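Here this note's numbering is used: the first residue of the sequence shown is 1, the next is one more, and so on. Built from N, CA and C at the ideal position, the CB exists for glycine as well. This one's a predicted model, so the numbers in the text were calculated from it and none came from an experiment. Let me begin by presenting the structure, written as structure tokens, before commenting on it.
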Amino acid sequence: MTNNNLSVVDAINLSSIELLVPLIDKYPVLKNILNNSKSKNPSDDWDYFMTAAGSGIVLISSETYKGEHNEVKSRASEIYKDIHRAIEDFIAFMNKNKATDKLIPPTIGLWVLWNIKQEEPSYDEMKELAPVIGNLLIKIISDWKSSRS
């Protein structure tokens, strides 16, 4: 996503939607998680929790420009009216699980997986998918910021 008219929240949301099928193809364990989710719409949950986590990543980082955090909160709430609760939960999870730089991506991914699955992921699910999901979100945000400069 490098469309300069998109907000970072739009880039996160749209990229998450676009990348789900390729990720399922590459990581069959993700398909298994979605198929066995307690949710009625696990792919919608994927979009929602990826957007919440990505928005949360931006909000726990220093603002790149004045008003960035307010824009993120506002746009995320326009896409999903109740997302502020999920973003707050993500931020609390990240603060509670103070991760070293190396563990930040897996911690981000763990939060997403746990929410999609609606229960704690297995060790193997966490090991295989959590770092991938966390690094993916970090890359989407980084690519968006790079496209703005």
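Let me know the secondary structure DSSP gives K31 once reduced to three states. In the sequence shown, the residue the question calls residue 31 occupies position 31. Note: K31 maps to helix in three-state DSSP.
What do you get for V21, buried or exposed, if any count of 16 or more other CB atoms within 10 angstroms of its CB means buried? Indexing the sequence shown from 1 puts residue 21 at position 21. Exposed, since its Cβ has fewer than 16 Cβ neighbours within 10 Å.
Helix, strand or coil: which one does DSSP assign to T51? For the purposes of this step, residue 51 is identified with residue 51 of the sequence shown, where counting begins at 1. Note: T51 maps to helix in three-state DSSP.
Return the chain-ordered list of same chain residues with a C-beta closer than 6 Å to the C-beta of A76, the five sequence neighbours on each side being excluded. Sequence index remark: in the sequence shown, residue 76 carries index 76 (1-based). Excluding sequence neighbours, A76 sits near V9, S55 and I83.
Which two residues bound the contiguous alpha helix (DSSP H) that contains D82? To locate residue 82, count along the sequence shown from 1; it is residue 82. No alpha helix (DSSP H) holds D82; DSSP gives it neither H nor E.
If you draw a straight line from the C-alpha of T51 to the C-alpha of D124, how long is it? The residue labelled residue 51 in the question sits at position 51 within the sequence shown. The residue labelled residue 124 in the question sits at position 124 within the sequence shown. For T51 and D124, the distance between alpha carbons rounds to 24 Å.
In terms of alpha-carbon separation, which member of P42, D25, I104 and N36 lies closest to S61? Position 61 of the sequence shown, counted from the start, is the residue given in the question as residue 61. Looking at the Cα atoms, I104 is the closest of the given residues.
By alpha-carbon positions, which one of V112, S147, I140 and S122 ends up nearest to P42? By one-based count along the sequence shown, residue 42 stands at place 42. The shortest Cα separation from P42 among V112, S147, I140 and S122 belongs to V112.
Can you tell me the Cα-Cα spacing of W144 and I33, whole angstroms? Position 144 of the sequence shown, counted from the first residue, corresponds to residue 144. Position 33 of the sequence shown, counted from the first residue, corresponds to residue 33. Roughly 28 Å between the two C-alpha positions.
DSSP three-state label for S61, please. Within the sequence shown, the letter at position 61 stands for residue 61. It is coil, neither helix nor strand.
Beta-carbon of K139 versus every beta-carbon of chain B: anything under 7 Å? Here chain B cannot be found, since the structure has a single protein chain.
Count the other C-beta atoms from every protein chain shown that fall within 10 angstroms of the C-beta of S149, then say buried if there are 16 or more, exposed otherwise. Position 149 of the sequence shown, counted from the start, is the residue given in the question as residue 149. Exposed, since its Cβ has fewer than 16 Cβ neighbours within 10 Å.
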